[in-house]
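The structure under discussion appears below in the form of structure tokens.
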Amino acid sequence: MATNAYVPHAAGYVDNEGVKIVSSRFGYEDSYTFERSLATGGYEALKKALRLPPAELAATVKDAVLLGRGGAGFPAGVKWGFMPPVWPRYLVVNGDESEPGTYKDRLLMERDPHQIIEGCIITCYALGLNTCFLYVRGEMPVAQERIAQALNDAYAAGFVGRNINGTDVSIDVVLHWGAGAYIVGEETALIESLEGNRGMPRLKPPFFPAAKGLYMKPTIVNNVETLANLPWIVTNGAEAYRRFGSEKSPGTRMLAISGHVKRPGVYEVEQGKVTFRDLFYGENYCGGIRDDNDLKMFIPGGGSAPWFFEEQLDLALEASEVGPAGSMLGSGALVVMDHTTDAVRACLRVVRFFARESCGKCTPCREGTSWEEKVLERILEGKGRAEDIDLLLEIGSSISPGNYPVAAHSEDGLAAVPFPPKQTTICPLGPSSVAPITSAIRRFRFEFEAKIPTVPAADVASESPVPAGSGS
Amino acid sequence: MTATENPESPAPEAEPGVPFTLNGSELTAKAGELLIDAAQRHGVHIPHFCYHPRMTPVGMCRMCLVEVDTGRGPALQPSCMLSVTPNMKVNTESEPTTRAQDGVLELLLINHPLDCPVCDKGGECPLQDNAYAFGPGESRFVEEKRHYEKPIPISDLVLLDRERCILCDRCTRFASEVAGDPLIHFIDRGAQTQVNTFPEHEFSSYFSGNTVQICPVGALTAQPYRFAARPWDLAEVESTSMVDSTGARVAVQSSQDRLVRIQGVDSDATNWGWLSDKERFAYEATDSTERLTQPLMRNDAGELVSTRWNGAIKRAVAALTDAADPRRIGVLGGARLTLESQYAWAKLLKGLGAVDNIDAQLGDGLPADIVLGLPRATIAEACEPGGVVVLLGADPKEELPTLYLRLRHAVQFDGVALIEMSPRATSFGDSVAARLNPLPGAVGHLAAALAEGMVGTSIGGIAPAQLSTAHRLLGSGRPVTVIVGRGNLAESPEIVVSALAALRRANPDVRFLSALRRGNVHGALEMGLTPGFLPGGQGLDVELPGWEMAPQSRGLDATGILKSAVNGTLDTLVLLGADPLEDFADGTLAAAAFERLGTVISVDTFMTASTSAADVILPAAMFGEADGTFMNLEGRLSPVRAKVTAPGQGRPDWMIATDMAAAAGGDLGFTTLHDVRAEIAARVPGFADIDWASDLGAEDGPLVRPLRTWTVSLSETAPIPPADDYGLRLVVDRKLWDNGTMVTESGSLRPLIGDAVLGLSPADFSRLGLSSGDDVDVTIAGGETHTVAAVSDNRLPVGAAHIPFALNSVRAQSFLSAGEPVIELRVRPS
């Protein structure tokens, strides 16, 4: 297969001929079928895992330093250790991928559902639990269909259900389709949704899922990509896994790049070994900005992440570098914008998403995000006022108090404010809406000012035509 | 509200407190105490909207954010969801805290309409108050506000203005968590999030008015109070609801000498601040056009004409003295009266007139010696976490709704196991630990089987699993409370008593909580308005100073009184707020009695069916118009206070009694309420230590417990007739919205009274080949046939038929025969 080629049946996936830990089957057109999975080593890791004591399996995962791929990047093995010895306990798998710019979980579910199911069963076994809930985003019908078919096949083959592969281990996987809310990607909101409630986040503390999760029982919530790594880790061992990627972030990540690059798509990339510049400009990756335009800004980790600029291009894709620089890698979604982009319009586009997706629970997010949207709309309609720019920042600090994380701008002598932001809300959705505002205003304030009429808009009275003959 | 601490008893500081710092002061919190509560207790008010001390905190309004340092640096935390931990440092006045408060208030107000001048909440609005005290003082919002149609009715009683709503989740949380009626919910998202009902399902909850009271803005308004008054014009007294026997504490509010609103007051002992819509809205009846405003007498032409108090009293006294033999006089009612009035009437009738045919219960109660003598539990004791409650009575949601809320909380949140022995499954639904719904007549056998552990086989269709669960719970060592009332008016009280006896055999430590529902019925029994007793449960042989006479022998109960009237051995009847023609279980007997009675004297507040058949009518002051004292089903005293003047010439009942005594040439010995109370304290055991002035002002009110332990002999043998070929046994119980006077005379509540339909178990229903709503012919054994619409009722055991009392279209009264152990009936498709 040619280097950095699109794989036509895996829409969006680009094969860069690098290390393939989770995308190893993507090259096959029938990669999602049970037959292909079996023919390429599928469920062998499960068989091996079932011969090991659960504690040893958990230790292997901890040893592999498998970082969560959902956004926070917390080590899965450590998270597993937070569960108190209480049963029943549950595994919840988060396939509600909906961060703006992110589509790597969808590909994993569509292209290799068996790998995820195998990862689920290995995890359940390692954690000593027998019920796994697999939550798939509502707007992903192909993923739903393939996951469901794969699960049926896996049940029929005895890899899921009673006495898995002839052992005394029994584990059920319950599928649940989302109803179309971004916020349900947040783990506590996902749990609420699974329980049949409106998807609204719970406050942590006290509702840390590992202690009080689904039905108030200990619950591990893992992202689908995280679990997709498990078959490889079980097969090849923690040490082999740690040989890829960086010391702090071993293994690979599925990165979804969109926007103004020549070859957008999902790439499996070794963590920490590639810089943003490599990714956007490298021949093995995106191949440069479209039309060889100038880069204006990029979002390094999904719509919630503060923006980066030219100055941050040489940072490695590594949480420990990106965080102090003022943003996050989040869920592996990168959005690239070239110099033709209107910063105010881009800002509105992201803010509008959060305003529409606010669950309505916390006052600052519910009211603040829609206020931000209205002010930005007004500015873009040419009805802005000089004070609106600072007002936007002020609304932002009612949602996220203190200095909001931003990238450095050496030219202006501005230092970076490290991630994460503070929040007056329960979950980070509201504060996420502040990211584009702070990023755009700090760097492109002049673009906002340019849209604001210098002469105050004529007031209504002077616009009203004076009736003919009045006053005579 | 938290419990006030009694300065005389040492504070229960057994557990070491949690030291923390609040705005620089070193203070102590209770273990597990929420920061918002601990701060309040120490005099620091943290503003909030969504937090309500009687509901689970959700931390969503973000108003109560304060700066907290638990060793990892100061951070904003919602104080309603944070328990105080040792050495926590809290600052409620720091710049970050006040900045967050400014932000939340500005954001809450951006879409909130500033229609405060025409908002019923204006002047008592937490949003106004918090904006005033903690807000930024100005808004920077120049966009158009959110618009919705305003207001929309979400039930017959409650309207919702979504523009005013600040989405605090209080009403929705109350509906699902407290009331168990999850009929309102958030819909849509973001700034379009709104509270609404589900399509085709209105918010028909018996507790809907609580959502109006706890709404922190004017989003929810109650139909009866809309635009009735401005809050700053309201005058208020604290009182006790007399709508049922729970004794919910209320604030009675008036404007221009009219009652305009009743609000719940948080009492730890009783209602926790909640009210049923009946307790909340039935005040409307005080303004009814059917109120009696002047004394009436029947003239020679048989017409009722108004008269002066003197003439009416004279005529009433003449009727009583003319009777010559006190056994020819009967008295029904008294549960509407205050304790003081009950004492005055008891003294007048028993102490001056030697009348003992007195019954405050109208054939729907239990023998007084049982109610007064059994070891009593309080509501709190019944709801004690981890306890067991046996429900031997009707569905408390229908009869005692605020008690239902307490029990529901105990079952849902405090691990109380409920054994349901009601004739029909109750509103507790699947949350009961054991469901034993016996056929009418069988509850005594059922209880005996539990006592003896004969639970291996099914009894009367009740599964062995349910029986063994109940048996195990009764003997588990967990405290057991039996809540006992009359769950079925078509079943004799002896059968209930036999079940009580067996339960006490099953667990000798069992306590009892009366579920007799009529207002102040427990006060009436305590004050002697029941045959065979003087006040305080003292026997007729006890000599009370100032009581000139005493009845010679135990008198008749309500059924006996009416039967004696029919057979001519009793000809004078006094009604103390009773309407036997509509309210006595056996309507046929009551009607026959009224046919033959010589003189009927009615002391009442409304022109009821029975009152309009009276010869002398004395208008009384009702709830809200007279001071007095209430005794609830626990035996707890609490104040009833006057707020408005009675219409016309209505007078407090006790004054009418003193006038009657004077007109008869006697003297009750008191002329003020204070005198009556002093005499009760002197004459009635259990009241000696009650200090009316201070004890009744206390939050929970004092308990009056029997001073001596009674030996109540409970007979386990009750007449249980074998099932005959009629096949079905009748269950008659009450609904909250029935044709009782307080409901029919309250304009907002009257439309809620439904039609009576005959319920049959699904098995019987399909056996008869019926479709829902089909008419059936119901033939009572030895009686007449009625045509009724029938429905399938999955709350009923096979073999039972159910009809509610006193609803529209069908008179269940005519199905009942007083004195029959059970009522058998036959049902055929019409």
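First to last, the protein sequences are chains A and B. Quick note on our numbering: the first sequence kicks off at 1 and runs consecutively. Quick note on our numbering: the second sequence kicks off at 473 and runs consecutively. Quick reminder that beta carbons are idealized off the backbone N, C-alpha and C, glycines included.
T874 (chain B) - containing alpha helix (DSSP H), residue span: That run of the alpha helix (DSSP H) goes 873-885.
DSSP three-state assignment for T188 (chain A), whether helix, strand or coil: Three-state DSSP puts T188 (chain A) in a helix.
Would you identify the three-state DSSP class for L1179 (chain B), choosing helix, strand or coil? The pLDDT assigned to L1179 (chain B) is 48, lower than 50, so where the model puts this residue is not dependable; a value taken from the coordinates is nonetheless given after this. If DSSP states are grouped into helix, strand and coil, L1179 (chain B) belongs with coil.
Helix, strand or coil for Q728 (chain B), going by three-state DSSP, please let me know. Of the three classes helix, strand and coil, the one that applies to Q728 (chain B) here is coil, per DSSP.
Would you mind giving the Cβ-Cβ distance between A818 (chain B) and M999 (chain B), rounded to the nearest angstrom? I have them listed as a contact below 8 Å. About 5 Å separates the beta carbon of A818 (chain B) from that of M999 (chain B), a gap short enough to meet the 8 Å contact definition.
Listed in chain order, which residues of the region 613-630 of chain B have Cβ atoms closer than 9 Å to some Cβ of chain A? Residues of the region 613-630 of chain B with a C-beta atom less than 9 Å from some C-beta of chain A are F613, V614, E615, E616, R618, listed in chain order.
Looking only at DSSP bridge pairs, what is D1249 (chain B) linked to? Answer is B:T1259, B:R1300, bridged to D1249 (chain B).
Considering only residues of the same chain and omitting the five flanking positions on each side of L499 (chain B), which have a CB-CB separation below 8 Å? Within the same chain, L499 (chain B) has close Cβ partners P491, F492, T493, A510, H514.
Terminal residues of the alpha helix (DSSP H) in which P936 (chain B) lies: Bounds of the alpha helix (DSSP H) holding P936 (chain B) are 936-946.
Of all the CB atoms in chain A, is at least one closer than 8 Å to the CB of F646 (chain B)? Chain A places no beta carbon closer than 8 Å to that of F646 (chain B), leaving this residue out of the contacts.
Outcome for W232 (chain A) when other beta-carbon atoms lying within 10 angstroms are tallied against a minimum of 16: W232 (chain A) is buried by the Cβ-count criterion.
N94 (chain A) versus A:G119, A:G272, A:P113, A:R137, residue with shortest Cα-Cα distance: Comparing alpha-carbon positions, the option among A:G119, A:G272, A:P113, A:R137 lying closest to N94 (chain A) turns out to be A:R137.
Taking the C-alpha atoms as reference points, what is the distance between E387 (chain A) and A450 (chain A)? In this structure, the straight-line span from the alpha carbon of E387 (chain A) to that of A450 (chain A) is close to 13 Å.
Going along the region 515-535 of chain B in order, which residues come within less than 7 Å of chain A, judged by CB to CB distance? Only those residues of the region 515-535 of chain B whose C-beta falls short of 7 Å from the nearest C-beta of chain A are listed: G531, M532, C533, R534.
Determine whether the beta carbon atoms of V993 (chain B) and Q766 (chain B) lie at a separation below 8 Å. Going by C-beta atoms, V993 (chain B) is not nearer than 8 Å to Q766 (chain B).
Chain B contacts from the region 346-369 of chain A (Cβ-Cβ distance under 8 Å): So the close ones are A355, R356, E357, S358, C359, G360, K361, C362, T363, P364, R366, E367, G368, T369.
One question on the structure: do P951 (chain B) and G1008 (chain B) come within less than 8 Å of each other, judged by their Cβ atoms? In this structure, G1008 (chain B) does not lie closer than 8 Å to P951 (chain B) by Cβ.
Listed in chain order, which residues of the region 422-446 of chain A have Cβ atoms closer than 9 Å to some Cβ of chain B? Residues K422, Q423, T424, T425, I426.
Can you find a CB in chain A that lies within less than 8 Å of the CB of F492 (chain B)? No, F492 (chain B) lies away from the interface with chain A (no Cβ there is under 8 Å from its Cβ).
Compare the beta carbon distance of L1168 (chain B) and L1109 (chain B) with 8 Å and say whether it is the shorter of the two. Closer than 8 Å, so yes.
Hey, out of B:R526, B:S1220, B:V614, B:L809, whose CA is closest to C552 (chain B)'s CA? The option with the nearest alpha carbon to C552 (chain B) is B:R526.
Taking contact to mean at least 3 C-beta pairs separated by less than 8 Å, is the region 933-943 of chain B in contact with the region 837-848 of chain B? The region 933-943 of chain B, when compared against the region 837-848 of chain B, does not touch it at the 8 Å Cβ threshold.
Suppose the cutoff is 7 Å on Cβ atoms and the five residues either side in sequence are ignored; what does the same chain contact list for L997 (chain B) look like? Correct list, in chain order: A832, A840, V843, L844.
Look at G913 (chain B) and V1294 (chain B) and say whether their C-beta atoms are less than 8 Å apart. When the beta-carbon positions are compared, G913 (chain B) and V1294 (chain B) come within less than 8 Å of each other.
Cβ of S193 (chain A) within 8 Å of any chain B Cβ: So, not an interface residue.
Scan the region 288-362 of chain A and note each continuous alpha helix (DSSP H) run of 4 residues or more that stays entirely inside, going in chain order. Listed in chain order, the complete alpha helix (DSSP H) runs (minimum 4 residues) inside the region 288-362 of chain A are 319-322, 343-357.
My assumption, with CB atoms under 8 Å, is that S1036 (chain B) sits in contact with G802 (chain B). Please give the rounded CB distance. Yes, they are in contact, since the Cβ atoms of S1036 (chain B) and G802 (chain B) sit about 7 Å apart, within 8 Å.
Buried versus exposed, by CB contacts within 10 Å (16 or more), P482 (chain B): Any answer about P482 (chain B) is weak, because its pLDDT of 44 lies below 50 and its placement is not dependable; what the coordinates show is given next. For P482 (chain B), the number of other beta carbons within 10 angstroms of its own is below 16, and it is reported as exposed.
Count the other C-beta atoms from every protein chain shown that fall within 10 angstroms of the C-beta of D1164 (chain B), then say buried if there are 16 or more, exposed otherwise. According to the sequence provided, residue 1164 (chain B) is Trp. The question's Asp does not apply to it. When all chains shown are included, W1164 (chain B) counts as buried.
Is the number of C-beta pairs between the region 674-681 of chain B and the region 648-661 of chain B that are closer than 8 Å three or more? Using a Cβ-Cβ distance cut-off of 8 Å, the region 674-681 of chain B and the region 648-661 of chain B are in contact, since at least three pairs of beta carbons, one from each stretch, lie closer than that value.
Return yes when the Cβ of S778 (chain B) is within less than 8 Å of the Cβ of G1100 (chain B), no when it is not. A distance of 8 Å or more separates the beta carbons of G1100 (chain B) and S778 (chain B).
Pair within 8 Å by beta-carbon distance, L864 (chain B) and M893 (chain B): Taking 8 Å as the Cβ cut-off, L864 (chain B) and M893 (chain B) qualify as a contacting pair.
Quick one: grab the DSSP three-state call for Q666 (chain B). Here DSSP, grouped into helix, strand and coil, assigns Q666 (chain B) to strand.
Measure the beta-carbon distance from T683 (chain B) to F658 (chain B) and round it to whole angstroms, keeping in mind my assumption that it falls under 8 Å. Rounded, the Cβ-Cβ distance is 14 Å, inconsistent with contact.
Just the C-alpha distance for V224 (chain A) and S304 (chain A), rounded to the nearest angstrom, thanks. When rounded, the distance between both Cα atoms is 20 Å.
Given that S398 (chain A) touches chain B, what residues does it touch there, using C-beta distances under 9 Å? R571, A572, D574, G575, V576, E578, L579, listed in chain order.
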